[in-house]
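Trainee: Residue numbers (the numbering used here), protein chains in the order written: chain A, 1 to 495; chain B, 496 to 808.
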Amino acid sequence: MDAKNSILSLRGVKKQYEGAPIPAIEDITLDVGYGEIYGLVGENGAGKSTLIKTIAGAIGLTDGEIIYKGGKLICKSPAEAINKGIGVVYQEFNLFPNLTVYENIFFGIEIKKNGFLDRKQMIRKSQEILRQLGFELDVTKRVSALSPAYQQATEIAKCINHNVELMIMDEPSAPLTEKEVGKMFEVVRKLNQSGVTIIYISHKLNEIFDLTDRISVLRDGHLVHTFRTEEVTEQELIREMVGREITEIYPEKDFRSGEVILKVENLTGAKVHGVSFELKRGEVLGFGGLVGAGRTETMRLLFGADRKTGGTVYINDKKAEIDSPTDAIQNGIGLIPEDRKQQGLVLNKSIFFNCLLPSIGKYSRSGFIRFKEARSDIGKLYDILKVKAVNQGQLVSRLSGGNQQKVVLEKWLLRDCEILILDEPTRGIDVGTKQEIYQLIKDLAAQGKAVIVISSEMPELIGVSHRVIVMHEGKITGELKGDEITQETILTLAS
Amino acid sequence: MRNMKNLKTFFGKYAIYFVLFFEIVFFSIASPYFLSATNFVNVLRQTSIVGIMAVGMAFVILTGGVDLSVGGVTACVGVICAKLMISGWNPVFAILASLAFSALVGIVNAFFSHEFKLNPMIVTLATLQILEGIAYIVTGAIPVYGFTESFKVIGQGHVGSIPIPIIIMIALYVIAYIILKYTKFGQSIYGIGGNEEAVRLTGINIRKNKYSAYVLCSVVTGIAGIILLSRTNTAQPSAGSGYEMDVIAGAVLGGISMSGGEGKITGVFAGVLVMAVLSNGMLMMDVSEYWQWVTKGIVMLAAITYDRILKKG
Ligand SMILES: Nc1ncnc2c1ncn2[C@@H]1O[C@H](COP(=O)(O)OP(=O)(O)OP(=O)(O)O)[C@@H](O)[C@H]1O
Ligand SMILES: [Mg+2]
Chain A
1 MDAKNSILSL RGVKKQYEGA PIPAIEDITL DVGYGEIYGL VGENGAGKST LIKTIAGAIG
61 LTDGEIIYKG GKLICKSPAE AINKGIGVVY QEFNLFPNLT VYENIFFGIE IKKNGFLDRK
121 QMIRKSQEIL RQLGFELDVT KRVSALSPAY QQATEIAKCI NHNVELMIMD EPSAPLTEKE
181 VGKMFEVVRK LNQSGVTIIY ISHKLNEIFD LTDRISVLRD GHLVHTFRTE EVTEQELIRE
241 MVGREITEIY PEKDFRSGEV ILKVENLTGA KVHGVSFELK RGEVLGFGGL VGAGRTETMR
301 LLFGADRKTG GTVYINDKKA EIDSPTDAIQ NGIGLIPEDR KQQGLVLNKS IFFNCLLPSI
361 GKYSRSGFIR FKEARSDIGK LYDILKVKAV NQGQLVSRLS GGNQQKVVLE KWLLRDCEIL
421 ILDEPTRGID VGTKQEIYQL IKDLAAQGKA VIVISSEMPE LIGVSHRVIV MHEGKITGEL
481 KGDEITQETI LTLAS
Chain B
496 MRNMKNLKTF FGKYAIYFVL FFEIVFFSIA SPYFLSATNF VNVLRQTSIV GIMAVGMAFV
556 ILTGGVDLSV GGVTACVGVI CAKLMISGWN PVFAILASLA FSALVGIVNA FFSHEFKLNP
616 MIVTLATLQI LEGIAYIVTG AIPVYGFTES FKVIGQGHVG SIPIPIIIMI ALYVIAYIIL
676 KYTKFGQSIY GIGGNEEAVR LTGINIRKNK YSAYVLCSVV TGIAGIILLS RTNTAQPSAG
736 SGYEMDVIAG AVLGGISMSG GEGKITGVFA GVLVMAVLSN GMLMMDVSEY WQWVTKGIVM
796 LAAITYDRIL KKG
């Protein structure tokens, strides 16, 4: 491949963020051919998102040049990029939440009639595009009211409506369920067949192998290798990414049963109807089900984040009154929420600040925080989780997506809860770190703590859980143990 | 290249201090009377009321709220304290009672904005109206005066050569600095302004912290109201009118973000001083009051725009 028959060529691209000691990406040279599906992989913080943001004009380059369809590309904003035919489906959604679906789809290219907006026409066309994608939805709804899958469909529809020739997707599957991922793949393939070139970023290597023609690996901001997809194995790819061999992702399960620590009876709320279960010390309990099954809602009720309308919770055989997260934490329960941006982090504050929050009482004496002690404890965890940052003082908003997730994990590990609930704990996290997180979960259980894991990734759910409870429409439909836990059994119970 | 960038962040971080510095240099050249110890003390004394109120305001804005009722609190605290003293109360008890009233206002503000999720701007606009009304009702729109000599000390007394209001103001800034930086309450306030939901899910009690911030704001404003009363020796029902704008302007100039969660109390002090020095300097140059308003507004716009541009860059 050379620059001539490439739709996009990068030559020596470098980006150093303001105030950063080293460049986030450096010396990136690559060519993407017309009609290719091009994969981009690498560890958290390797520079994937940075790379595509420079292409789309969301951030400026420090050095190098970008050639698009034979000419030098200079985009000062994503809006400019999309008008030139480059659309991006961002890791962090980039729609206007307060505008409706059709307004987003037609943003910047509104249809006008006699100088006025032709809303009818825009609504009709938006519906048409979404229907082609396999989505039926009310396009006059605000984007903020949509579930992640629909938000993403809107982003893709926006790209289609702008007739993009190059569509870049940054971890598009992260917020989706397996079924939704399947649907998105169909859409991507269809678009590709109609001539759209695709750049696809993901931590899920099976997707990369399924979809792409070629794969580039980024490590520490450098492009270390480009493979033809059929010429590389998963093992080789992982080795290039993390620089070491990873054979077994899931640690071996060993469950030494302890006494019952948590007993939930008839938990009821808006979307949860009479859920009862028990949890033992040393146990990892998985919750399976489709999206909307009520797993997250159940955990939020248990944690006191939402108001429950009925049900009793016993901790160590004693009835516990949990009406707020404060109560839950006092009872030794911690919850790692699924949505890190909205619920997990204060983005414009430092790593240290975020980690301190749940433990702020623990590190305070008569209202004053003991910073030294906190700093040293946080530092220890920070090293274990290998958060990629300049130091603990770095703003969380300046971390890569996966590293933000690590900070959410870290702040709850620091709190040292007896019962830890993890809702989609590895969303956006790279293979190497995933393995470390699974080991951490195992270690927690081995220490006699109890862990609940919600995951939409089947292999993960099966890989870490001693027992799996499956939910459907707010009710428990079954429970699986040991060898009974398989993809099929879970799916049968889930629908 | 690298150095330029560092310079830019440096200027961005300390923008307000540079503005203050240039202001002082400018007025020192423009007016021969400006640069003197007496005038310096004078500026501080004049700004002490607004300066004190800005401490409380900073806490509320940091939580992501705002308190427009501070002018009403100043007026009400003044007339209540005055009426009680006139009717024979010991000044100490009169002061405590009127501060208790201001605390109640804080509770009301927090109650409506937190429990019903109402916009604090609207809630406190309403309480402002109510308080101003009360101040007129209590006084029958007639100024109240004739307090004991000893009450004057708060607003007019000195320790050495330093006026007591300045001492109170500086003490409050020091306390606020310590609270915001080193305590659980202070750090929680920053978190709540940054992302309330995320903070709630870490088990921090949002209600307690928000009520505390509003009560703190009202009580600190109450203290300013007492100082004002003592300084003027007369309770005017119109005493507090318009203060909210000066106070918010000072806080925002000093880098407190209106969306909450960001800013330092030291910046607030500088922000308040920038406005005070500007008034004082223009007064010395015989600029008419109306032109002073225009200039203040322009400086305010320039300062916040500059700040925004640097932060973005
Ligand atoms: N706004 C920013 N300011 C400073 N540094 C940043 C900023 N955004 C990202 N970085 C840094 O740049 C590096 C690359 O980040 P990037 O988001 O490109 O990683 P990524 O490969 O997309 O990772 P992930 O898989 O976690 O999404 C990281 O070290 C990150 O800390
Ligand atoms: Mg990324």
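We put the beta carbon where it would ideally sit given N, CA and C, even for glycine.
1) Give the range of the alpha helix (DSSP H) segment to which residue 81/A is assigned.
2) Cβ closer than 7 angstroms: which chain A residues qualify as neighbours of residue 695/B?
3) Taking its Cβ as the centre, do 16 or more other Cβ atoms sit within 10 Å of residue 556/B, making it buried, or is it exposed?
4) Do residue 551/B and residue 761/B count as a contact pair if the criterion is CB distance below 7 angstroms?
5) Please tell me whether residue 329/A has its Cβ less than 7 angstroms away from any Cβ of chain B.
6) Determine the DSSP secondary structure at residue 483/A, reduced to helix, strand or coil.
7) In angstroms, rounded to a whole number, what distance separates the CA positions of residue 443/A and residue 382/A?
8) Anything in chain B within Cβ reach of residue 342/A, meaning under 9 angstroms, just list it in chain order.
9) Compute the distance between the beta-carbons of residue 532/A and residue 47/A, then report whether it is under 7 angstroms.
10) Per DSSP, what kind of secondary structure is residue 377/A in: helix, strand or coil?
11) So which residues of chain A does residue 683/B contact, with C-beta pairs closer than 9 angstroms?
12) Who are the near neighbours of residue 295/A in its chain, counting only those whose CB is closer than 7 angstroms to its CB and skipping five residues on each side?
13) Closest to residue 333/A by CA distance: which of 416/A, 377/A, 318/A is it?
14) On a CA-only basis, which of 165/A, 101/A, 160/A, 170/A is nearest residue 145/A? Give me that one, please.
15) Could you pull the start and end residues of the alpha helix (DSSP H) that residue 689/B belongs to?
16) To the nearest angstrom, how far is it from the Cα of residue 663/B to the Cα of residue 109/A?
17) Just checking: is the beta-carbon of residue 163/A within a distance shorter than 7 angstroms of some beta-carbon in chain B?
18) At a cut-off of 6 angstroms, is residue 98/A close to ligand 1 when judged by its beta-carbon and the heavy atoms of the ligand?
19) What would DSSP say about residue 560/B, mapped onto helix, strand or coil?
20) Starting from residue 94/A, find everything on chain B with Cβ-Cβ shorter than 7 angstroms and list it in chain order.
21) Terminal residues of the continuous alpha helix (DSSP H) containing residue 205/A?
22) What in chain B is Cβ-close to residue 369/A, meaning under 8 angstroms?
23) Answer with yes or no whether the minimum CB distance from residue 750/B to chain A is below 7 angstroms.
24) Under DSSP, the alpha helix (DSSP H) around residue 741/B begins and ends at which residues?
25) Using only the alpha-carbon positions, how far apart do residue 84/A and residue 164/A sit?
26) Check each candidate in 701/B, 792/B, 658/B and name the one with the smallest Cα separation from residue 612/B.
27) For a contact defined as C-beta to C-beta under 7 angstroms, what are the partners of residue 44/A on chain B?
28) How about residue 200/A: is its Cβ closer than 6 angstroms to a heavy atom in ligand 1?
29) Is the Cβ of residue 346/A closer than 7 angstroms to any Cβ of chain B?
30) Please confirm whether residue 144/A has its beta-carbon closer than 7 angstroms to some beta-carbon of chain B.
31) For residue 214/A, which three-state DSSP category applies?
32) In chain B, which residues lie less than 8 angstroms from residue 364/A when you measure between Cβ atoms?
33) CA-CA distance, residue 737/B and residue 620/B?
34) Nearest-angstrom Cα distance between residue 370/A and residue 364/A?
35) Is any heavy atom of ligand 1 found at a distance shorter than 6 angstroms from the C-beta of residue 20/A?
Mentor: So, from the listed chains and residues:
1) Stepping through the first sequence from its first residue, residue 81/A is reached at position 81. Run containing residue 81/A: 78-83, per the alpha helix (DSSP H) assignment.
2) Position 200 of the second sequence holds residue 695/B. Correct list: 325.
3) Taking the first residue of the second sequence as position 1, residue 556/B is located at position 61. The residue is buried, with at least 16 neighbouring Cβ atoms inside 10 Å.
4) Taking the second sequence and counting its residues from 1, the one referred to as residue 761/B is at position 266. Taking the second sequence and counting its residues from 1, the one referred to as residue 551/B is at position 56. No.
5) To locate residue 329/A, count along the first sequence from 1; it is residue 329. Output row for residue 329/A: interface = yes.
6) Looking up residue 483/A in the first sequence gives position 483. In the structure shown, residue 483/A sits in a helix (DSSP, three-state: H, G or I).
7) Sequence index remark: in the first sequence, residue 443/A carries index 443 (1-based). Sequence index remark: in the first sequence, residue 382/A carries index 382 (1-based). Cα to Cα, the separation comes out at about 17 angstroms.
8) Your numbering for residue 342/A matches position 342 in the first sequence. Those are 690, 692, 693, listed as they occur along chain B.
9) Beyond the ends of chain A as shown, which are 1 and 495, falls residue 532/A; an answer cannot be given.
10) Your numbering for residue 377/A matches position 377 in the first sequence. In this structure, residue 377/A counts as helix in the three-state DSSP scheme.
11) The residue labelled residue 683/B in the question sits at position 188 within the second sequence. The contacting residues are 357, 360.
12) Taking the first sequence and counting its residues from 1, one reaches residue 295/A at position 295. If we look at residue 295/A and ignore the five residues flanking it on each side, its Cβ neighbours are 287, 289, 454, 471.
13) In the first sequence, counting from the first residue as 1, residue 333/A sits at position 333. Nearest of 416/A, 377/A, 318/A to residue 333/A, Cα basis: 416/A.
14) In the first sequence, residue 145/A corresponds to position 145, counting from 1. Here the closest residue by C-alpha is 101/A.
15) In the second sequence, the residue the question calls residue 689/B occupies position 194. Taken as a continuous stretch (DSSP letters only), the alpha helix (DSSP H) holding residue 689/B covers 679-689.
16) Residue mapping note: residue 663/B aligns to position 168 of the second sequence, counting from 1. Residue mapping note: residue 109/A aligns to position 109 of the first sequence, counting from 1. Answer to the nearest angstrom: the Cα atoms are 59 angstroms apart.
17) Counted from its first residue, the first sequence places residue 163/A at position 163. Chain B, which has no Cβ nearer than 7 angstroms to the Cβ of residue 163/A, makes this no.
18) The sequence position of residue 98/A within the first sequence is 98, counting from 1. No, ligand 1 has no heavy atom inside 6 angstroms of this Cβ.
19) Locating residue 560/B in the second sequence gives position 65, counting from the first residue. In this structure, residue 560/B counts as coil in the three-state DSSP scheme.
20) Sequence index remark: in the first sequence, residue 94/A carries index 94 (1-based). Chain B residues near residue 94/A: none, gap ~18 angstroms exceeds 7 angstroms.
21) Within the first sequence, the letter at position 205 stands for residue 205/A. Where residue 205/A is concerned, the enclosing alpha helix (DSSP H) stretches over 205-211.
22) Locating residue 369/A in the first sequence gives position 369, where the first residue counts as 1. Those within 8 angstroms of residue 369/A in chain B are 677, 678, 679, 682.
23) Locating residue 750/B in the second sequence gives position 255, where the first residue counts as 1. Chain A, which has no Cβ nearer than 7 angstroms to the Cβ of residue 750/B, makes this no.
24) Counting from one through the second sequence, the residue named residue 741/B turns up at place 246. That run of the alpha helix (DSSP H) goes 738-748.
25) Translated into the one-based positions of the first sequence, residue 84/A becomes position 84. Translated into the one-based positions of the first sequence, residue 164/A becomes position 164. Approximately 8 angstroms between the Cα atoms of the pair.
26) Translated into the one-based positions of the second sequence, residue 612/B becomes position 117. Comparing Cα positions, the closest option is 701/B.
27) The sequence position of residue 44/A within the first sequence is 44, counting from 1. Correct list: empty, because the minimum Cβ distance to chain B is about 20 angstroms.
28) One-based indexing of the first sequence puts residue 200/A at position 200. Outside the cutoff, so no.
29) For the purposes of this step, residue 346/A is identified with residue 346 of the first sequence, where counting begins at 1. Answer yes: the Cβ-Cβ gap between residue 346/A and chain B drops below 7 angstroms somewhere.
30) For the purposes of this step, residue 144/A is taken as the residue at position 144 of the first sequence. Not closer than 7 angstroms to any Cβ of chain B, the Cβ of residue 144/A fails to qualify, so no.
31) Working through the first sequence from its first residue, we reach residue 214/A at position 214. If DSSP states are grouped into helix, strand and coil, residue 214/A belongs with the strands.
32) Locating residue 364/A in the first sequence gives position 364, counting from the first residue. Chain B residues near residue 364/A: 678, 679.
33) If you number the second sequence from 1, residue 737/B lands on position 242. If you number the second sequence from 1, residue 620/B lands on position 125. Taking the straight line from one Cα to the other gives about 12 angstroms.
34) As a working note, residue 370/A is residue 370 in the first sequence. As a working note, residue 364/A is residue 364 in the first sequence. Distance between the alpha carbons of residue 370/A and residue 364/A is about 6 angstroms.
35) The count along the first sequence starts at 1 and reaches residue 20/A at position 20. Under cutoff, so the answer is yes.
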